[in-house]
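Asker: For the sequence shown, my numbering begins at 1 and goes up steadily by one.
For every residue, glycine included, the Cβ atom is placed at its ideal position computed from N, Cα and C.
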Amino acid sequence: MSMAALAHEGITVSKLHPHVGAEIIGVDLRHPLDEMSFEIIREAWNQHTVLVLRDQRIDDEQQVEFASRFGTLEETTFTVAADNPYIYKLSNVDDEGNVLPVGSKKRLFLDVNARWHTDSSFRPIPALGSILSARKVPAKEHGDTAFASMRVGWETLPDERKRALEGLVAVHDYSYSVGLFGDKLIPKSEMDSVPPVRHPLVRTHPPTGLGSLFVSGHIERIDGMPVEEGRALVAELIEWCTRPEYVYRHRWRQHDLVMWDNRCALHRATAIPATEPRLMHRATIAGEGPVA
Ligand code: OGA
Ligand code: MN
C-alpha cells in the first residue's frame, strides 16, 4: 500500500507497541466505510495483529456491519447471547446489576477468558478475528486485556526448536478449558456441539504468509505425547509468546473498539472487576477454512 493511500481521508496508523498493536485514527464506524478506508484498516490489521480504535460510539448493528466486511460471523452460543445473534455479551453483572459470583454459569465465559487463549480454537474452523466494543468500563478496576503475537513467538524461537515443533498436532477441547472453572455448568447438549478438534501447533498466517505458533488455553493435550508432557509444552510456548516485553496491555476507555487476529494473537482478561460493572460486546469473524 502506498503512502498516498495510507493518508487517505486522514486515516493514520500508529504503533502502540514494538511487537503487537496499532491505533487507527480518523475513522467513525457509525458511518459506512468506503472501500479504500476499509482496505487501510485490513492491511494494518494483517500487519499489526491488534488494532485499537478509540471513541467508536456504535450500536450492535453498526458493530455487526463493520465486522461482516471481514467475513461471515460466528453466531453466539453458550451463556453469552445478546439480542443480536452475532453479538457476544460479556458482562460481569446480572440483570439487576449485581456482580456475578465466581463459579456461576453466567460468569464462566469471563473466567475462561482469563487464561491466555485464541478465540474459538476449539472449533473445526477457528475464528479469524474478534472485535470487542467497550460499552461500560469500570472507573477504578480497570479490567485490562493483554495481547501477544504468536507470529513473533514463532519467529523468535531457535531454528532447532522450530523443527522439533513442526508437525505436532494439538487437541483443543472447550469442555477441558471450561471444566477448569466449573464442570458441568454448561448443559451437555451445548458441549456436545463442540467436540474436541485437532489443529497443527504451527500454522501459516494466510494474509502475510508468515509462520505462527497456534497455542491456546483450549488445548487439552498434544497428539502422541503423554497428557502432562503435552500440557507442559503448551504452557511453555504460551509463556514464550507472552514474555512481558512482548505483551501489549490495553487499558480500556468507554467506546474503545479493539480487534485482534485470532490466527496469530493470544489474549487474556487480566482481572474481572469485582465490584464495578464492565460490559463488552463482541462480534466474532469465522475462519475461512481448516488451519492446515
Ligand atoms: C474475548 C476476551 C477478554 C476481556 O472477548 O474473547 O477474551 O478482557 N475478552 O474481556
Ligand atoms: Mn477471548
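Does the Cβ-Cβ distance between V197 and I186 come in under 8 Å?
Answerer: As a first step, residue 197 is located in the sequence shown; it is residue number 197 there, counting from the start. As a first step, residue 186 is located in the sequence shown; it is residue number 186 there, counting from the start. No.
Asker: Could you check which residue in L33, A271, T145 has the C-alpha nearest to that of W252?
Answerer: Within the sequence shown, residue 252 is the residue found at index 252, counting from 1. Minimum Cα distance to W252 is reached at T145.
Asker: I want to check one thing, is the minimum distance from the CB of H267 to the heavy atoms of ligand 1 below 7 Å?
Answerer: Position 267 of the sequence shown, counting from 1, holds the residue named residue 267. Within the cutoff, so yes.
Asker: Please name the residue in V64, L100, F70 whose C-alpha comes closest to that of N84.
Answerer: As a working note, residue 84 is residue 84 in the sequence shown. Comparing Cα-Cα distances from N84 to each of V64, L100, F70, the minimum goes to V64.
Asker: Kindly indicate the opening and closing residues of the alpha helix (DSSP H) around H48.
Answerer: Walking along the sequence shown from the start, residue 48 turns up at place 48. Where H48 is concerned, the enclosing alpha helix (DSSP H) stretches over 35-48.
Asker: Output the distance between the C-alpha atoms of G293 and L128, rounded to the nearest integer angstrom.
Answerer: Since the first and last residues shown for the chain are 1 and 292, residue 293 lies out of range.
Asker: When the Cβ atoms of the region 144-158 are set against those of the region 12-25, are three or more pairs found closer than 8 Å?
Answerer: Counting Cβ pairs under 8 Å, three or more are found: they touch.
Asker: Report whether the distance from the Cβ of N113 to the nearest heavy atom of ligand 2 is below 7 Å.
Answerer: Within the sequence shown, residue 113 is the residue found at index 113, counting from 1. Yes, the Cβ of N113 comes within 7 Å of a heavy atom of ligand 2.
Asker: Along the chain, where does the alpha helix (DSSP H) that runs through S68 open and close?
Answerer: The count along the sequence shown starts at 1 and reaches residue 68 at position 68. S68 -> alpha helix (DSSP H) spans 60-68.
Asker: Tell me the residue span of the beta strand (DSSP E) that contains F147.
Answerer: To locate residue 147, count along the sequence shown from 1; it is residue 147. Where F147 is concerned, the enclosing beta strand (DSSP E) stretches over 145-149.
Asker: Who are the near neighbours of H205 in its chain, counting only those whose CB is closer than 7 Å to its CB and skipping five residues on each side?
Answerer: For the purposes of this step, residue 205 is taken as the residue at position 205 of the sequence shown. For H205, where only same-chain residues beyond five positions count, the Cβ hits under 7 Å are R151, S212, R263, C264.
Asker: By the DSSP assignment, the beta strand (DSSP E) with L213 in it spans what residues?
Answerer: Numbered from its first residue, the sequence shown carries residue 213 at position 213. That run of the beta strand (DSSP E) goes 210-213.
Asker: Smallest Cα separation from I272: which of E141, D94, R54, R123?
Answerer: Translated into positions along the sequence shown, residue 272 becomes position 272. I272 has its Cα closest to that of E141, out of E141, D94, R54, R123.
Asker: Name the one or two DSSP bridge partners that W240 has.
Answerer: Walking along the sequence shown from the start, residue 240 turns up at place 240. DSSP lists no partner for W240.
Asker: How should L237 be labelled, buried or exposed, when 16 other C-beta atoms within 10 angstroms of its C-beta is the threshold for buried?
Answerer: Taking the first residue of the sequence shown as position 1, residue 237 is located at position 237. The residue is buried, with at least 16 neighbouring Cβ atoms inside 10 Å.
Asker: With a threshold of 6 Å on Cβ separation, who are the neighbours of T270 within its own chain once the five nearest residues in sequence on each side are excluded?
Answerer: Here residue 270 corresponds to residue number 270 of the sequence shown, with the count starting at 1. Counting only Cβ-Cβ distances below 6 Å, and skipping sequence neighbours, we find D144, A146.
Asker: Look up T233 in the DSSP assignment and say whether it is helix, strand or coil.
Answerer: Position 233 of the sequence shown, counted from the first residue, corresponds to residue 233. Note on residue identity: the sequence assigns Leu, not Thr, to residue 233. Helix at L233.
Asker: Return the first residue and the last residue of the beta strand (DSSP E) that V169 is part of.
Answerer: Here residue 169 is taken as the residue at index 169 of the sequence shown, counted from 1. Here the beta strand (DSSP E) through V169 covers 169-172.
Asker: For the region 34-42 against the region 166-181, are there 3 or more C-beta pairs whose distance is under 8 Å?
Answerer: Counting Cβ pairs under 8 Å, fewer than three are found: no touch.
Asker: If we cut at 8 Å on Cβ distances, does M259 have a partner in chain D?
Answerer: Among the chains of the structure shown, chain D does not appear; only one protein chain is present.
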